[in-house]
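Numbering (our numbering), first residue to last: 1030 to 1385. Yeah, the Cβ is synthetic: ideal placement off N, Cα and C, and Gly gets one too. Given the structure is predicted, the values throughout are model-derived calculations rather than measurements. Read through the structure below, which is laid out as structure tokens, and then see the notes.
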């Protein structure tokens, strides 16, 4: 008996410790940072309150009955009054759950229909400054973000304006994934056979509090590196977003050092361009975009979506991608690189920036 209690105590302490895990800011649904997230947060609070009320009422009745009708108080021969077939009680415990369900169902149905209002993104001659559409494509194990009205394609880091609805059209290129930005809203599946649509808003004040970045994840088990299929969302003001769009439209990135020039040459010789684009205006068909677009690689804050952006991690990825993301499609698709080649490619990739 003592061993069981000791084991239960260990699990209780472990559960308490695990609640403190996750050092990333604004990675929690309990810190809503947008219109959609706030609605979802409200529904979570409402459903939790209903459950708490039900548990408290049932617990009170349970304890009351045990204390009032305990055998030691009334004796072994006492028989409480039988109320089987009581119409009042049957009506009571039927009506109360119905009322509780209605209290929860009405806002859930209302918000569900509201969050499904995406007709604005289907207009043929829409104004991208008023209705921003982003095509999201999920692959093993990376994310592509296409801005069709601007002719821009990026990967791994999504850039969006704050205080404005951003409409998303989502699909997967291989198997089912799920797009989720915990602090802002979601999650929604990306399927291979159809496109899903929804919108999110990014609160400007909350974005500044979060340092301008939110974190996104894949919320559907998709393989050995599912937990590493992360991305970042850079939320900026509307003016900053338009500046970013202009920089991407006039993107010109040239190697600035001899080592970077050598790296660019290697990038072409090793046939990396057959999978990776290095220009944001990637005109290739979607099926031909089989790997992340590297146009803004030098501006990223992470390598492969999960490692801090520094020379060491870039070189580790180039040397052995499998050690960072098991099961990724880059593993084994290019010749082994020596240290000099890795140094040159690292220098070249760091110089891929839209900013002058």
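In the three-state reduction of the DSSP assignment, residue 1280 falls in the coil class. Annotation for residue 1376: the continuous alpha helix (DSSP H) segment containing it runs 1368-1379.
Counting the other CB atoms within 10 Å of its CB gives residue 1211 a total of 16 or more, which places it among the buried residues. Restricting attention to 1204, 1057, 1177, the CA atom closest to the CA of residue 1197 is found in 1177.
Residue 1064 is not a Cβ neighbour of residue 1191, given a cutoff of 7 Å. Looking at 1335, 1322, 1355, the one whose alpha-carbon comes closest to that of residue 1184 is 1322. A distance below 8 Å between beta-carbons, with the five flanking residues on each side excluded, links residue 1255 to the following residues of its chain, in chain order: 1170, 1247, 1249. When DSSP states are grouped into helix, strand and coil, residue 1275 belongs to the helix group. Cα atoms of residue 1280 and residue 1267: separation of roughly 20 Å, rounded to the nearest angstrom.
Cα atoms of residue 1302 and residue 1308: separation of roughly 11 Å, rounded to the nearest angstrom.
Per DSSP, residue 1190 lies in no alpha helix (DSSP H) segment; the continuous beta strand (DSSP E) that holds it begins and ends at 1186-1190. For residue 1127, the closest of 1083, 1298, 1205 by C-alpha to C-alpha distance is 1083. Rounded to the nearest whole angstrom, the CA to CA distance from residue 1106 to residue 1097 is 15 Å. By the Cβ criterion, the segment 1118-1136 is in contact with the segment 1061-1077, since at least three pairs of Cβ atoms, one from each stretch, lie closer than 8 Å. The Cβ atoms of residue 1213 and residue 1243 sit closer than 7 Å to each other.
For residue 1175, the uninterrupted beta strand (DSSP E) run begins and ends at 1171-1176, by DSSP. Counting every other CB atom within 10 Å of its CB across the protein chains shown gives residue 1124 a total below 16, marking it as exposed. The beta carbon of residue 1372 sits closer than 6 Å to no other beta carbon from its chain once the five residues preceding and following it are set aside. The three-state secondary structure of residue 1166, taken from DSSP, is strand. A distance below 7 Å separates the beta carbons of residue 1166 and residue 1200. Runs of alpha helix (DSSP H) with 4 or more residues, each lying fully within the segment 1264-1340, are found at 1267-1278, 1287-1298, listed in chain order.
Secondary structure of residue 1198 (DSSP, three-state): strand. Between residue 1376 and residue 1288, the C-beta gap is smaller than 7 Å, which places the two residues in contact. If only complete runs of 4 or more residues are kept, the segment 1058-1083 shows no alpha helix (DSSP H) anywhere. Excluding residues up to 5 positions away in sequence, 1207, 1209, 1248 lie with their Cβ nearer than 6 Å to the Cβ of residue 1216 in the same chain.
Boundaries around residue 1128 are those of the alpha helix (DSSP H), 1116-1144, since no beta strand (DSSP E) includes it. Here the alpha carbons of residue 1168 and residue 1318 stand approximately 10 Å from one another.
Annotation: residue 1060 to residue 1331 spans about 23 Å, alpha carbon to alpha carbon. Take the alpha-carbon of residue 1348 and the one of residue 1251: they are about 25 Å apart. Between the alpha carbons of residue 1240 and residue 1336 lies a gap of roughly 18 Å.
Going by C-alpha positions, residue 1111 is about 29 Å away from residue 1080. Between residue 1263 and residue 1188, the beta carbon gap of about 5 Å places them in contact (Cβ cut-off 8 Å).
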